[in-house]
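Shown next, in structure tokens, is the structure this report addresses.
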Amino acid sequence: MAKVTEITVWTRGVVMDKEARDVANAFAQAAKMEGKFVQAFDNYEDLPDRVLVTTRKYVRISDREIEMKYLYVNEHPDVVVIVEPTIIKGINVLRGMPEGGLLLINTNRPIEYMLKFIPNSDILGAVATVDGDGISGIRTVDFSGSEGGVDTAGIGAGIAAPILGAMARVTGMVKKENLAKVVSDVAAMERGYQQAHLERYRKPRTVYFWGS
Amino acid sequence: MKAKTKSRSKNQKVRVKIQKAKGKVQKARPSVKLSSQEKWGRFGSINVPKDREVPFGAITPAPVKQQELFMTSNWRIVRPVIDHEKCTRCFTCYISCPDSCWSFDEKAEKMEWNWKFCKGCQICINECPADALKAVPELDFEDGVVRLEKPF
Numbered sequence: 004m005a006k007v008t009e010i011t012v013w014t015r016g017v018v019m020d021k022e023a024r025d026v027a028n029a030f031a032q033a034a035k036m037e038g039k040f041v042q043a044f045d046n047y048e049d050l051p052d053r054v055l056v057t058t059r060k061y062v063r064i065s066d067r068e069i070e071m072k073y074l075y076v077n078e079h080p081d082v083v084v085i086v087e088p089t090i091i092k093g094i095n096v097l098r099g100m101p102e103g104g105l106l107l108i109n110t111n112r113p114i115e116y117m118l119k120f121i122p123n124s125d126i127l128g129a130v131a132t133v134d135g136d137g138i139s140g141i142r143t144v145d146f147s148g149s150e151g152g153v154d155t156a157g158i159g160a161g162i163a164a165p166i167l168g169a170m171a172r173v174t175g176m177v178k179k180e181n182l183a184k185v186v187s188d189v190a191a192m193e194r195g196y197q198q199a200h201l202e203r204y205r206k207p208r209t210v211y212f213w214g215s
Numbered sequence: 248m249k250a251k252t253k254s255r256s257k258n259q260k261v262r263v264k265i266q267k268a269k270g271k272v273q274k275a276r277p278s279v280k281l282s283s284q285e286k287w288g289r290f291g292s293i294n295v296p297k298d299r300e301v302p303f304g305a306i307t308p309a310p311v312k313q314q315e316l317f318m319t320s321n322w323r324i325v326r327p328v329i330d331h332e333k334c335t336r337c338f339t340c341y342i343s344c345p346d347s348c349w350s351f352d353e354k355a356e357k358m359e360w361n362w363k364f365c366k367g368c369q370i371c372i373n374e375c376p377a378d379a380l381k382a383v384p385e386l387d388f389e390d391g392v393v394r395l396e397k398p399f
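Quick mapping for you: the protein sequence lines, in order, are chains R and P. The opening residue of the first sequence carries number 4 in the working numbering; numbering runs sequentially from there. The opening residue of the second sequence carries number 248 in the working numbering; numbering runs sequentially from there.
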């Protein structure tokens, strides 16, 4: 079986649920346009219907057909995206990550300050930050139970757009042009692409490259 | 009724005879009285052997003041910070907090905040009549790190 790149997106239940789902779905869709095989799915494990609870969304990307279908968690994520930065204080987000993984945080704080809260950060290959709240600042807060599923804004309207742009740049797994076809807020995605900060520590793993 | 019980006991006797003939009679259980603690373990009314593995959170030790296994402080984005000079000790935060995170420290005569279970719902901040509470982003503080392996 070919190598499957696993991406885990951490977010908070209900209040930022839609953003993370957009990140997962749009990234997978853009990778699919490039002829890759993808899976993108929501969390079943963490009871995501509670306000503010930490939940996950998952993406799997591979060059060949993905055979792992019945496992609903990414146990060894190569890329971890954190949509709400406070999560690094409460959860061991690097659990299961192989050496040389990538961490992308949506924050305007410096990278050194964020790494203070991650004692096992020595396994990281690179860390990136993007100020999604500063660029877009729109969050879908919806208590109707639909979790942003019925709004008319479309995929990637809020803070998901700059995060997607930053992901495209730091992972190099999808092209910006393909992402622009999926995301509705293309200007915010473009700014996220350009304003992402990246710090490299090791040689990149073979499945993706950092910075284009 | 009497006839019925009689017939039942008769049946039982017959059954025992048959079993004796087959050599299947079991010994009666020793009638040792167990204390409720020994019988049920320390988990209240749920009888679970102590060596059995159960999922996380299926059983918790019976009433304690703080359940450390259910720390929910990683739900918090902002944290209420109290200004003790503005505080009038009206106990509105104590009454309004859904998780009982505010208590009164009688020695210091101050309101105490429990960082372990505060979920950052900001109800106390909205309810405070003296404006003594302020919402501060959790990342401004370096304490209050929980680092659970998994969410629950």
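We put the beta carbon where it would ideally sit given N, CA and C, even for glycine. Just so you know, these numbers come straight off a predicted model, no measurement behind them.
To the nearest angstrom, how far is it from the Cα of A169(R) to the Cα of P51(R)? 25 angstroms
Would you verify that the beta carbon of I329(P) is, or is not, closer than 7 angstroms to some beta carbon of chain R? no
Any C-beta of chain P under 7 angstroms from that of K60(R): no
Starting from T14(R), follow its DSSP beta bridges and name the residues at the other end. T58(R)
Determine the DSSP secondary structure at N321(P), reduced to helix, strand or coil. helix
D20(R) burial status per 10 Å Cβ neighbour count (16 or more: buried): buried
When DSSP builds the beta bridges, which residues end up paired with E202(R)? V130(R)
Test: T57(R) CB closer than 7 angstroms to a CB of chain P: yes
Compare the beta carbon distance of S139(R) and A164(R) with 7 angstroms and say whether it is the shorter of the two. yes
Is I94(R) close to chain A? Criterion is C-beta to C-beta, closer than 7 angstroms. Here chain A cannot be found, since the structure's protein chains are R and P.
Just how far apart, CA to CA, sit F40(R) and V189(R)? 24 angstroms
What's the C-alpha gap between R194(R) and P384(P)? 25 angstroms
Output yes or no for whether 7 angstroms exceeds the beta carbon distance between I162(R) and D136(R). yes
Taking only the alpha-carbon atoms, compute the straight-line gap between D49(R) and Y75(R) and give it to the nearest angstrom. 11 angstroms
Near-chain R residues of the segment 344-366 of chain P (beta-carbon distance less than 9 angstroms), N- to C-terminal order: K366
DSSP three-state call for R289(P): helix, strand or coil? Note on R289(P): pLDDT 48, under 50, position unreliable in the model; no value is reported.
For the alpha helix (DSSP H) containing P165(R), name the first residue and the last one. A163 to T174
Residues bridged to W360(P) (per DSSP): W349(P)
So, is the C-beta of D45(R) closer than 7 angstroms to a C-beta in chain P? no
Listed by chain order, chain R residues near R336(P) by CB distance under 9 angstroms: Those within 9 angstroms of R336(P) in chain R number zero; the least Cβ separation is about 29 angstroms.
Buried or exposed (CB count within 10 angstroms, at least 16 for buried), E68(R): exposed
Buried or exposed for T14(R), please, with buried defined as at least 16 other CB atoms from any protein chain shown within 10 angstroms of its CB. buried
Buried versus exposed call for I265(P) [16 or more other C-beta atoms within 10 Å across all chains shown]: exposed
Beta-bridge pairing of A382(P) - partner residues as DSSP gives them: P327(P)
Give the straight-line distance between the Cα atoms of D45(R) and P398(P), rounded to the nearest whole angstrom. 15 angstroms
Same chain, Cβ closer than 7 angstroms to A160(R), five either side skipped, listed in chain order: I141, S187 and D188
Can you tell me whether DSSP reads S343(P) as helix, strand or coil? helix
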